[in-house]
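Numbering (this note's numbering), first residue to last: 5 to 1196.
Presented below is the structure to which this report refers.
And the structure:
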């Protein structure tokens, strides 16, 4: 019998005895029905037909072979004539039959699945599991059936109780054969075949049917003509236990499955086999062949079989052939071949067949189908014949047969039952299943009728699935246009809470969403459960795409519960509004330590450049405000200033940049003062939906107010950039501040000429976070004069805008462009201020492009793009950039040397575009120069040495041949390329760091989403972790069920760990994408215990490497000893002359250190002053270590 428990099953009854209840009941712990297995045995007979013994694996090698089939789909209709699926003709009708073919099994540890397919052309094939084969250790065969799954490729609705085209179920029947090879003799026998039927569950297992399948088949065989091999006669004796008891007990127990109104109460099993008067009374109610009595009371009034009636007559009359073998203890029936043939059929329905539920009229259709009593002829009967005319699907008949006042087969499918809460009352067995369609999905929720003492009660009924709509309306509210004024999108889920303790529930979008502004996102059908006692959430996502500005759109979507009549229509409402702008306040450090060197420039000069880049790249319409601070903070304006168009150098962008350029380092550090001014400025900035704060600091706060004093007032998204080493920055406080406000802290570590773009890139990454953009790639290198740099990157249809940013100092000779997937080149000359915007300064250039690109010869969106940039080599002259290169001038040369074939449109341009195309056709450097270039790019020290020597590169004269001669490498300035996208596909990541001293564990948590919904494409996320020294390591991030990816590493070294989180994959349209985000983790000794000075106390100096704040666990005495030790080493030749000169080149003057140590260590200076000196020397060693690791 069928069951939907994936693993649990029990052995079905083998004799006519009442079957035992399986261990722990008929259902598993999730309230799923266990399958009932049929067990087959082998017996040997002598030449006279007498049983010798049962054959097991101890006697022989046994190979069982089973062939099941379900042929309902191609069979005759039970109602109305004709065939099912009549529109399917020819060979396609064979595809309606589910036929796994004959499968064999021979080992006790084997499990053989019986899988077939069902196909309604032109729809695709559906896989159907008809069951499994297993063997027990004794060699018995176990046949398990299907899992009660019925389905259609075209509909979820069941409209007929008997014949539903395009549907299949997983009942079946078929032959069972065995090959037996005897141990010892090696004799081989082919066993006489048996038959197996896989039927629906019997929901009242302890109760007998008044007319069993055994009774019906036996009577048919009794009526066969003399000489037929299956012919039987009336048994010579009538056994009360075997022939009468099942009928009487069926009448006695029927109250457990039908409300009989107190009838049958006169039958008392304690008085079996009953007195003669009682026998006559009972017999008078029984309907024999041709009779009109009322019992059994079933639809179509089937009579008892003639054999049953004859045996009852013997009992009534107490005939000599009647044997009173009644034993109230009901000892088990001996296991014999005859008992095995009779037993399982005794527990099946023998009437009424309309069409039946396990087997129907087929079993009495022809004498030819039997080869011996109760045994089909496997050469006549084909697999699937027995069940072919059963209802399709069976659940429809199961439901329909419960509505009549007179039952059909109430033992298998109860009508009314006694609930445990009211043992003398009744309720409908299918009270919670409302329709034919619901029975398909909920049949297994119904309970089993079991014996509880003298009472028959409903047991194991599953709690009905509860499906509650939590979002009766989806109100998207105001949905913004995207940052480049393109259509924006927002996704919201239709949300259900489902509690289905015993079964699965499927929810499916069946109608809408409409109108077209609404669409589905991700799966339109979700199945959940069984859930157990804890409810589960189901999300069906709806996407709104903006349209006409300020227009409100009304719509709806309909969700149905598959297999039930439940459905919900959810109203949708959304309004398109303009992009909601962002106000950003830059809180910039101007303390004295900002005057220290950072590479070849001071920290303040580096800040000037980075802030200039931020201001000239931010989105037009956003507001930017400035606050600068040292011991006190100054707000440069009462509110933020709205930015003008990208590329403007005469408006607010340049005015704000001028203010930053006017900042001069002096004084100590009060970050709290700066934050307080930022809070005030943002509160005065009206008209901005989002607000953010960006703090830059180069050291510890050492003057009030402190961060702790104002942190509670900070409500905007907050980012912080620490300019310097981890030991100079209060990483724990800033990490907490930013993490609580949806931002993060970035720490640069030592900044030299080799990583001169680092501060700018951090500002740009923060800008991307503020502008809701994502980073696609971030390569660095050195410009090679006379050569094109072609950096590839992927865009997808999820992207609606892109920024190509080139950092290069100086920019005056470098040109920038974008190459579309079709090969067209876009440069500054194409900028129209809308679809393509641009800006260019001495240190950077930006191309901002809306997607899709529609103004080119061929529209461009998803695909492989390239950032193009380059500069002319010496001797090419300024006219090269202004020349016009035509398509016919060099097509072969370009194709040969670069693989690039320009389109006609892009080659009919001059200026930057002409130069880029010219560079693409330039000859490559010779091999030696190529090796030199790669070496120079890998080792920054060699690059710096070459620049310091200022040796002019050698330029080979052009050869007179048509092809230019190879030339040597001519190095231009360093570059960094960044590609930012404005996209529905977003990567967000954070570091989880609770400890900031060596040995800290740092967690990495990333989330990839599309329109705010967990990403449903294919993706991998990993992190490249670069420690303070040594090589980077890759940390794989594992996907979690909640849509996050997580990983971890241990930070053992003092310094800054750069964590580059990267995502690669393909979206649902199979378009590749990349995303990345850089985060930093900082580790410093004593960082966990650092506390800023109490309010009112401060060092009076800058907060950076010459500022205060380092803890010294040794106290004042420890400082004195350490101070003296340093002074001794410095004045006695610790550092060589060459090393002191090297330190001077990076801005460290040891003569100044000696003077300070003499002054402060010997005169009892303040704790803060001594700590400042000691921290400075710590940084000397950090710089020394880092330089050594790079080969400096």
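Cβ coordinates follow ideal geometry from the N, Cα and C atoms, glycine included.
Return the bridge partner residues of residue 1076 from the DSSP annotation. 1070
For residue 283, the first and last residue of its enclosing beta strand (DSSP E): Counting along the chain, residue 283 falls outside any beta strand (DSSP E), though it belongs to the alpha helix (DSSP H) covering 280-289.
If I measure Cβ to Cβ from residue 712 and keep anything under 6 angstroms in the same chain, skipping five residues before and after, which residues do I get? none
How far does the alpha helix (DSSP H) with residue 608 in it extend, from its first residue to its last? 607-619
By the three-class DSSP mapping on this structure, what secondary structure does residue 998 have? coil
At what residues does the beta strand (DSSP E) containing residue 47 begin and finish? 46-49
Is residue 264 close to chain C? Criterion is C-beta to C-beta, closer than 8 angstroms. Annotation note: the requested chain C is absent from the structure, which comprises a single protein chain.
Do residue 349 and residue 217 have their C-beta atoms within less than 8 angstroms of each other? yes
Rounded C-alpha distance that separates residue 437 from residue 95: 38 angstroms
Would you report the Cα separation of residue 780 and residue 534, rounded to the nearest angstrom? 41 angstroms
Kindly indicate which residue of 273, 256, 272 has the alpha-carbon position closest to the one of residue 265. 256
Please state whether DSSP places residue 1198 in a helix, a strand or coil. An answer regarding residue 1198 cannot be provided, because it is not within the stretch 5 to 1196 covered by the chain.
Contact check, residue 139 vs residue 109 under 8 angstroms by CB: the rounded distance? 6 angstroms
Taking three-plus beta-carbon pairs below 8 angstroms as touching, is the region 19-29 in contact with the region 330-350? yes
Counting only runs of 3+ residues fully inside the region 10-72, write out the beta strand (DSSP E) ranges in chain order. 13-15, 39-44, 46-49, 55-59
Rounded distance between the beta-carbons of residue 39 and residue 5, thought under 8 angstroms: 7 angstroms
Could you pull the DSSP bridge partners for residue 633 from this structure? 593, 637
Under a three-way DSSP split, which group does residue 1048 fall into? strand
Could you pull out every unbroken beta strand (DSSP E) segment of at least 3 residues lying fully inside the region 65-138, listed in chain order? 107-109, 115-122
I'd like to check one pair, residue 671 with residue 708: are the Cβ atoms closer than 8 angstroms? no
When burial is assigned at 16 or more other CB atoms within 10 Å of the CB, is residue 1074 buried or exposed? exposed
Alpha-carbon to alpha-carbon, residue 239 and residue 318: 11 angstroms
Measuring only the C-alpha atoms, how far is residue 1077 from residue 547? 21 angstroms
State buried or exposed for residue 7, treating a residue as buried only when at least 16 other CB atoms are found within 10 Å of its CB. buried
Using three-state DSSP, classify residue 984 as helix, strand or coil. strand
For the region 503-515 and the region 537-545, state whether three or more C-beta atom pairs, one from each stretch, are separated by less than 8 angstroms. yes
So what does DSSP say about residue 3, is it helix, strand or coil? Outside the displayed span of the chain (5 to 1196) sits residue 3, for which this structure offers no information.
State the DSSP-derived secondary structure class of residue 976, mapped to helix, strand or coil. strand
Following the continuous alpha helix (DSSP H) through residue 668, name the residue where it begins and the one where it ends. No alpha helix (DSSP H) contains residue 668, which DSSP labels as neither H nor E.
Could you round the C-beta distance between residue 13 and residue 395 to whole angstroms and report it? I think they count as a contact, below 8 angstroms. Their Cβ separation, rounded to whole angstroms, is 24 angstroms, which puts residue 13 and residue 395 out of contact at 8 angstroms.
Among the residues of its own chain, which have a CB less than 6 angstroms from the CB of residue 588, if the five just before and after it don't count? 628, 696, 774
Beta strand (DSSP E) segments (min. 3 residues) lying fully within the region 489-551: 493-503, 509-518, 522-525, 529-532, 540-549
Got a sec, what are the start and stop residues for the beta strand (DSSP E) residue 579 sits in? 571-581
Going by C-alpha to C-alpha distance, which of 203, 246, 674, 231 sits closest to residue 219? 246
Give the C-beta separation of residue 410 and residue 302 to the nearest angstrom, bearing in mind that I take them to be a contact with Cβ-Cβ under 8 angstroms. 7 angstroms
Go ahead and label residue 224 buried or exposed: buried means 16 or more other beta carbons lie within 10 angstroms of its beta carbon, across all protein chains shown. buried
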